[in-house]
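>
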């Protein structure tokens with residue numbers, strides 16, 4: 639059985655979102671098209687921005703998932719990343735707090751997609 643290797647995020651403005659994720663994650667896209675921009679996040683695994691059918695993913699569409707970023711280093715690393723991202727002007731949904739799995743916080747991208755930072759499992 640194959641494992642998932644493409645994770646799409648619906649966005650309304652590909653250029654704006656490309657700049658946002660490039661700066662936030664400090665990574666450049668593999669390629670750029672007017673409606674699809676993939677980033678290789680691990681060998682053979684893509685995180686991609688997609689606006690090809692953005693008329694169906696309007697801002698009032700409920701968000702039922704999160705982009706997750708697990709970081710090593712414990713609570714201090716989570717707090718440091720929060721400080722770095724806050725300085726970049728991200729929209730904060732939840733400031734850092736301790737949950738059952740460890741320290742975490744949540745921000746959004748320009749389209750309201752949730753991004754959770756948490757410790758490595």
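Numbering (my numbering), first residue to last: 639 to 759.
Where a beta carbon is used, it is the ideal one built from N, C-alpha and C, also for glycine.
1. Nearest to residue 785 by CA position, among 709, 750, 722 and 646, is which residue?
2. For residue 681 and residue 644, I'd like the C-alpha separation in whole angstroms.
3. Determine the direct distance from the alpha carbon of residue 746 to that of residue 731, and round the result to whole angstroms.
4. First and last residue of the beta strand (DSSP E) that includes residue 686?
5. So the candidates are 674, 664 and 750; which of them puts its Cα closest to the Cα of residue 722?
6. For residue 655, does the three-state DSSP call read helix, strand or coil?
7. Does residue 677 come out as helix, strand or coil in the three-state DSSP assignment?
Working from what's here:
1. For the chain, the structure presents residues 639 to 759; residue 785 sits outside this window and is missing.
2. 11 Å
3. 7 Å
4. 683–688
5. 664
6. helix
7. strand
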